[in-house]
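*Asks:*
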Amino acid sequence: MPARRLDGVAVARVIQSELRPAVEAFTARAGRPPGLALVLVGDNPASELYVASKLKSAGETGLRADIERLPASATLAELLRVVDRLNRSDAHDGILVQSPLPEAMGPGADRAVFDAVSPEKDVDGLHPVNVGRLVQGRAALVACTPSGVIELLDRSGIPIAGSRAVVVGRSDIVGKPMALLLVLRHATLTICHSRTKDLASVTREADILVAALGRPAFLTTEFVKPGATVIDVGTTKVEDRAMVERLFAPGSKRHAAFERRGSLVLGDVHPSVEQVAGALTPVPGGVGPLTIAMLLKNTLTAAQLRAGR
Ligand code: NAP
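Sequential numbering from -3 applies to the sequence shown in the numbering used here.
#1: Pick out the complete alpha helix (DSSP H) segments inside the segment 114 to 138, 4 residues or longer, and give them in chain order.
#2: Report the partner residues of LEU262 according to the DSSP bridge assignment.
#3: When you get a sec, list the residues whose CB is within less than 7 Å of any heavy atom of the ligand NAP, chain order please.
#4: Can you tell me whether ARG81 is buried or exposed, with buried defined as 16 or more other CB within 10 angstroms of its CB?
#5: Could you tell me whether the segment 189 to 205 touches the segment 250 to 263, where touching means 3 or more Cβ pairs closer than 8 Å?
#6: Exposed or buried, which one is VAL163 when buried takes at least 16 other CB atoms within 10 Å?
#7: Do you know offhand how far LEU292's Cα is from GLU14's?
#8: Which residues does DSSP pair with GLY274 in a beta bridge?
#9: Using the rule of at least 16 other Cβ atoms within 10 Å of the residue's Cβ for burial, across every protein chain shown, is PRO41 buried or exposed?
#10: Could you check where the alpha helix (DSSP H) with ARG160 kicks off and where it finishes?
#11: Using three-state DSSP, classify LEU286 as helix, strand or coil.
#12: Where does GLY153 land, buried or exposed, given buried means 16+ other C-beta within 10 angstroms?
#13: Closest by CA to PRO173, which one among ARG151, GLY133 and LEU149?
#14: Which class does THR225 belong to by DSSP, given the choice of helix, strand or coil?
#15: Can you find at least 3 beta carbon pairs, one from the segment 213 to 230 and one from the segment 271 to 285, that sit closer than 8 Å?
#16: Going by other Cβ atoms of all chains shown within 10 Å of its Cβ, with 16 needed for buried, is LEU260 buried or exposed?
#17: May I ask you to verify whether the segment 18 to 31 touches the segment 41 to 51, counting CB pairs closer than 8 Å and requiring at least 3?
#18: Could you tell me which whole alpha helix (DSSP H) segments of length 4 or greater appear in the segment 33 to 74?
#19: Helix, strand or coil: which one does DSSP assign to ASP97?
#20: Apart from the five residues on each side of it in sequence, which residues of its chain come closer than 8 Å, Cβ to Cβ, to ALA108?
#21: Taking only three categories from DSSP, how would you classify VAL206?
#22: Please report how far the alpha carbon of ILE11 lies from the alpha carbon of ALA289, in whole angstroms.
#23: Which word fits PRO67, buried or exposed, when buried means at least 16 other C-beta atoms lie within 10 angstroms of its C-beta?
#24: Short of 7 Å in beta carbon distance, which residues of its chain neighbour ASP106, apart from the five on each side in sequence? Order them along the chain.
#25: From GLY247, THR199 and GLU241, pick the residue whose C-alpha is nearest to that of THR225; which is it?
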């Protein structure tokens, strides 16, 4: 029997509808809506799409959202000046600098930006202060993608406490905070990465398997225990026809989408896993919409915390 599909679009819609009255109440009390500043450097088409969809969802939820654009040639110092200005803005409760930053900014640029955003406006949950609070189980602002995964599990009725959870990937943005959240919710956890030996023997133990590698269709059926819940965080744009044709039969929906667009966004989980897993997030339409919903939620939380200070 094919796996139950965990519909991130539907869950994100519910979260947004829950946020709307709380945003209205804040706006009535504060005389202004919660404000989100999105900073976009350069003209990466995928980043443009992500930012457009964040702006749209923020508007639908009643938040103020502004976009600050810098050219691809901007220096890290220029970007940090924008962040500093937004840190001091009364109208903005949350600041999100869209990644990836242009390579010319240097290898430490992402980290320098995470450090520069004021912890109270850090709606990405990546400032060391917020990460430290997460380790101690008392964070108010938590990285959006992993907290979105927890919301999806909770709202889908999938028990976390007592489960065996395996996270593949240990990035600061996804893997590490995901692992912390699962442990805080009483899962027994293993983190895997590129140096893990016999990965499949570890992932096959998972009741909840989170794939955050950025390697399209990497996790095939032999990595998955029958009946497991599989969360596919990966999103990789693939233009390789041979790869798409290995994964999707001609005439299938995904193959037709590839023919129309010349590319497909693929997750880290092989399509055949649908036949083994108990529940599975699709890509697209799984984790991605939750990431945006949690960004909106974090912006409201940041606004409430700043107003209550
Ligand atoms: P990342 O920084 O590149 O980290 C990838 C992780 O996967 C690393 O820890 C790496 O191990 C591990 N890995 C790579 N190859 C592996 C292998 N063969 N076996 C085991 N582990 C392996 O990526 P990220 O930022 O965490 O993102 C991961 C994926 O999630 C990407 O596709 C990204 O686009 C997607 N993403 C989606 C959303 C969303 O909203 N849906 C949000 C954020 C990210 P090492 O540490 O040993 O190198």
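Ideal Cβ placement from N, Cα and C applies to all residues, glycine included.
Treat the numbers as computed from the prediction; the structure is a model and nothing was measured.
*Replies:* In short:
#1: For the segment 114 to 138, whole alpha helix (DSSP H) runs of length 4 or above, ordered along the chain, are 124 to 131.
#2: In the sequence shown, residue 262 corresponds to position 266, counting from 1. Answer by DSSP bridge pairing, in chain order: THR232.
#3: Qualifying residues come out as THR141, VAL164, GLY165, ARG166, SER167, ILE169, VAL170, GLY171, CYS188, HIS189, SER190, ARG191, THR192, LEU195, ALA208, LEU209, GLY210, ARG211, PHE214, VAL229, GLY230, THR231, THR232, ASP264, VAL283, GLY284 and THR287.
#4: Residue numbering aside, residue 81 sits at position 85 when the sequence shown is read from its first letter. Flag for ARG81 reads exposed.
#5: Under the Cβ criterion (8 Å, minimum of three pairs), the segment 189 to 205 does not count as touching the segment 250 to 263.
#6: By 1-based counting over the sequence shown, the position of residue 163 is 167. VAL163 should be labelled buried.
#7: Position 296 of the sequence shown, counting from 1, holds the residue named residue 292. Position 18 of the sequence shown, counting from 1, holds the residue named residue 14. If you take the alpha carbons of LEU292 and GLU14, they lie about 11 Å apart.
#8: As a first step, residue 274 must be located in the sequence shown, where it is residue number 278. By DSSP's assignment, GLY274 forms no beta bridge with any residue.
#9: Translated into the one-based positions of the sequence shown, residue 41 becomes position 45. PRO41 should be labelled exposed.
#10: For the purposes of this step, residue 160 is identified with residue 164 of the sequence shown, where counting begins at 1. That residue, ARG160, is in no alpha helix (DSSP H); its beta strand (DSSP E) goes 160 to 164.
#11: If you number the sequence shown from 1, residue 286 lands on position 290. In the three-state scheme derived from DSSP, where H, G and I count as helix and E and B as strand, LEU286 is classed as helix.
#12: For the purposes of this step, residue 153 is taken as the residue at position 157 of the sequence shown. Counting Cβ neighbours within 10 Å, GLY153 comes out exposed, since fewer than 16 surround it.
#13: As a first step, residue 173 must be located in the sequence shown, where it is residue number 177. With distances taken between Cα atoms, PRO173 lies closest to GLY133.
#14: If you number the sequence shown from 1, residue 225 lands on position 229. Looking at THR225 - three-state DSSP - the assignment turns out to be strand.
#15: Contact check between the segment 213 to 230 and the segment 271 to 285: three or more CB pairs, one atom from each, fall below 8 Å, which counts as touching.
#16: The residue you call residue 260 lines up with position 264 of the sequence shown. Buried, because 16 or more other Cβ atoms sit within 10 Å of the Cβ of LEU260.
#17: No, they do not touch.
#18: List check, alpha helix (DSSP H) in window: 41 to 57.
#19: As a position in the sequence shown, residue 97 is number 101, starting the count at 1. According to the sequence displayed, residue 97 carries Leu and not Asp. The answer is coil: DSSP assigns LEU97 none of H, G, I, E or B.
#20: By 1-based counting over the sequence shown, the position of residue 108 is 112. So the list reads LEU72 and LEU76, once near-sequence residues are dropped.
#21: Your numbering for residue 206 matches position 210 in the sequence shown. When secondary structure is reduced to three states using DSSP, VAL206 falls in the strand class.
#22: As a working mapping, residue 11 is identified with position 15 in the sequence shown. As a working mapping, residue 289 is identified with position 293 in the sequence shown. Distance between the alpha carbons of ILE11 and ALA289 is about 7 Å.
#23: Residue numbering aside, residue 67 sits at position 71 when the sequence shown is read from its first letter. Per the 10 Å Cβ criterion, exposed.
#24: As a first step, residue 106 must be located in the sequence shown, where it is residue number 110. Around ASP106: SER95 and LEU97.
#25: As a position in the sequence shown, residue 225 is number 229, starting the count at 1. When C-alpha distances from THR225 are compared across GLY247, THR199 and GLU241, the shortest belongs to THR199.
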